[in-house]
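Each remark here refers to the structure printed beneath this line.
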Amino acid sequence: MRNGIITNTLIDDLKELRNYVVEEGQPLLAKVIRLTFEHVEEYQSFNIAIPEDDPIEDDEENQEVRVEDEVTGQESLAYLLSLMEDHTNRVNEIELRDYIQAFTEYAEEN
């Protein structure tokens, strides 16, 4: 158990879920599930941050405002799983693609 995540159980559950998703013909979901369990398997934790929203502009100063909240791997994983739950939503699909990109970038850097 790392970062509040029981890695062995999570990996097994995601592998089983991926089999169903592949049978249902959902390639985006299958890919993000595979990358998720491979990441957890490799690093024994979930180290991907929640993808950033587009910056919000401050009306008064016309400057970008960023909220820097520290998000744990467990929170990010929970968010990713919630995106998977409603993967047909267009915004969720975009964010799932952002996670795929983040997995790729993390693997290249580490």
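Just so you know, we're using the numbering used here here: the sequence shown kicks off at 9 and counts up by one.
We treat Cβ as the ideally placed atom computed from N, Cα and C, and that holds for glycine.
Since the model is a prediction, treat every value here as computed from it, not as a measurement.
Do residue i and residue j have their C-beta atoms closer together than 7 Å?
i           : j           : result
residue 37  : residue 29  : yes
residue 114 : residue 88  : no
residue 84  : residue 110 : no
residue 45  : residue 14  : no
Determine the direct distance from the alpha carbon of residue j to that of residue i, and round the result to whole angstroms.
i           : j           : result
residue 127 : residue 16  : Nothing can be reported for residue 127, as the shown portion of the chain is limited to 9 through 118.
residue 34  : residue 43  : 14 Å
residue 51  : residue 105 : 21 Å
residue 90  : residue 24  : 18 Å
residue 47  : residue 118 : 11 Å
If I follow the unbroken alpha helix (DSSP H) through residue i, where does it start and stop?
i           : result
residue 81  : 81-93
residue 109 : 98-117
residue 32  : Run containing residue 32: none; DSSP gives neither H nor E here.
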